[in-house]
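K.L.:
Take this structure, written in structure tokens, and hold onto it; I'll ask about it next.
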Amino acid sequence: CVFGAKLREDAKLIEQKVANARERGAFRCAPAELARAEANLEFLEYELTMGDFRRASRHHRAALQNIDRAIEMSDPNECAEKRVLIGEEKPLVITKTDRDGDGIMDDVDQCPDEPEDFDTFQDEDGCPDPDNDADTVLDVNDKCPMEPGDPANQGCPVIDKDTDGDGLMDSVDQCPNDPEDKDGFQDEDGCPDPDNDQDTVLDVVDACPLEPGSPMNNGCPVKDRDGDGITDDVDQCPDVPGPAPTGCPKRVLVVKKDDRIEIKQQINFKTGKHTSVGRISFESLDQVAAVMKSNPEIKIVIEGHTDSVGAADYNLRLSDGRAHAVRDALIERGVDAGR
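Using the numbering used here, the letters of the sequence shown map in sequence onto residues 64 to 402.
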């Protein structure tokens, strides 16, 4: 116990030496010795806590040797930190100036060499404002210096008006003396448009005011149902395409009636077959398809017929096959299958 007490006292002395070595600058001039001394001091204190005095004694010797060596190697004049004394700072006295003499000190004056004009417009910035409303009319000549205006009106705004009373001010109205007709066609320009589609038929009597058309058709465009380039009003065959001047094909094989399509030439089939033959038959099918496509409201019933030669059930099947052949031919020519 006496041996342990002695080691504890020595540990405190070594700790004081470590502090002395640091003050002398051992961390600069003897860093390895200082580090070994501090490490062995920690181990010394630990072994004392554990009651192992033999191991504690070894760390005691190592710590003492290294700290003495560190102190010996550390000359405080060369190794210790230098202390610098800082004198009291004298306050800096700044003298404010006003170069342009406008009463606003230069440190806050945005125009220190130009005096403020003090006209109640942005006077706090220290800059003169010769044209407050930026309308190019100088304030000395501007009758309305705080309102942008027209130079021709002494800098005052020109009051807009609506001469023709159409709701558009004269400044944007391209026809200030002619009221807009407000028909949904170019109403924003303020100009009336008596003939919107410019087809010479005035809108008041034009049944199609936005589509150029014929005066003979109430201003509406004349249709071309068969798409042959000849309008229906002059097309003698409006449902079957054909060349000018009549608009009819060389052979008119199909005629559209109010409630039906008449075929002038029957469609021929091979004997005992449901295959159509002959140029006339194909032309007839072409014209039927053309009529149906130009009149989409038409629906037709197709019937096939045979002669009396042969058995009745055979002829029935043949008739049905020929009717389906005609239907397929029309579908191939662009007719909807549901018609």
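Where a beta carbon is used, it is the ideal one built from N, C-alpha and C, also for glycine.
Beta-carbon separation of valine 364 and valine 317 under 8 Å?
P.N.:
No. Outside cutoff.
K.L.:
Could you tell me which of Lys336, Ala352, Lys320 sits nearest to glycine 397, measuring between CA atoms?
P.N.:
Ala352
K.L.:
Quick one: grab the DSSP three-state call for valine 398.
P.N.:
coil
K.L.:
Under 8 Å, with one C-beta from each stretch per pair, do the stretch 108-116 and the stretch 125-137 reach the 3-pair mark?
P.N.:
no
K.L.:
Out of curiosity, what's the CA-to-CA distance linking asparagine 204 and glycine 228?
P.N.:
Spanning the two alpha carbons is a distance of roughly 35 Å.
K.L.:
Where does glutamate 144 sit, in a helix, a strand or coil, going by DSSP?
P.N.:
In this structure, glutamate 144 counts as coil in the three-state DSSP scheme.
K.L.:
Here's the rule: buried if 16 or more other CB atoms are within 10 angstroms of the residue's CB, otherwise exposed. What is valine 156?
P.N.:
exposed
K.L.:
May I ask you to report which of helix, strand or coil DSSP gives phenylalanine 66?
P.N.:
helix
K.L.:
With a threshold of 16 other CB atoms inside 10 Å of the CB of phenylalanine 403, please say whether the residue is buried or exposed.
P.N.:
No answer is possible for residue 403: it lies beyond the span of the chain, which begins at 64 and ends at 402.
K.L.:
For serine 234, does the count of other Cβ atoms within 10 angstroms reach 16, so buried, or fall short, so exposed?
P.N.:
exposed
K.L.:
Taking the beta strand (DSSP E) that isoleucine 324 falls in, what are its first and last residues?
P.N.:
324-326
K.L.:
Kindly indicate which three-state DSSP category valine 297 falls into: helix, strand or coil?
P.N.:
coil
K.L.:
Keeping to the same chain, check which residues put their C-beta closer than 6 Å to that of alanine 119; ignore five residues upstream and five downstream.
P.N.:
Leu70, Leu107, Glu110, Leu111
K.L.:
Three or more beta-carbon pairs under 8 Å between the stretch 287-299 and the stretch 262-273, yes or no?
P.N.:
no
K.L.:
So valine 354 is in the alpha helix (DSSP H); what residue range does that whole segment cover?
P.N.:
342-357
K.L.:
Report, in whole angstroms, the separation of the C-beta atoms of leucine 97 and alanine 89, which I expect to be a contact under 8 Å.
P.N.:
4 Å
K.L.:
Classify cysteine 64 as buried or exposed, calling it buried when 16 or more other Cβ atoms lie within 10 Å of its own Cβ.
P.N.:
Low confidence applies here, because cysteine 64 scores a pLDDT of 45, under 50, leaving its location unreliable and the question unanswered by this model.
K.L.:
Let me check understanding here. Comparing Cα to Cα, which of Asp194, Glu187, Asp296, Asp169 lies closest to threonine 158?
P.N.:
Nearest to threonine 158 by C-alpha distance, out of Asp194, Glu187, Asp296, Asp169, is Asp169.
K.L.:
Would you verify that the beta carbon of glycine 88 is, or is not, closer than 8 Å to some beta carbon of chain B?
P.N.:
Among the chains in the structure shown there is no chain B, since it carries only a single protein chain.
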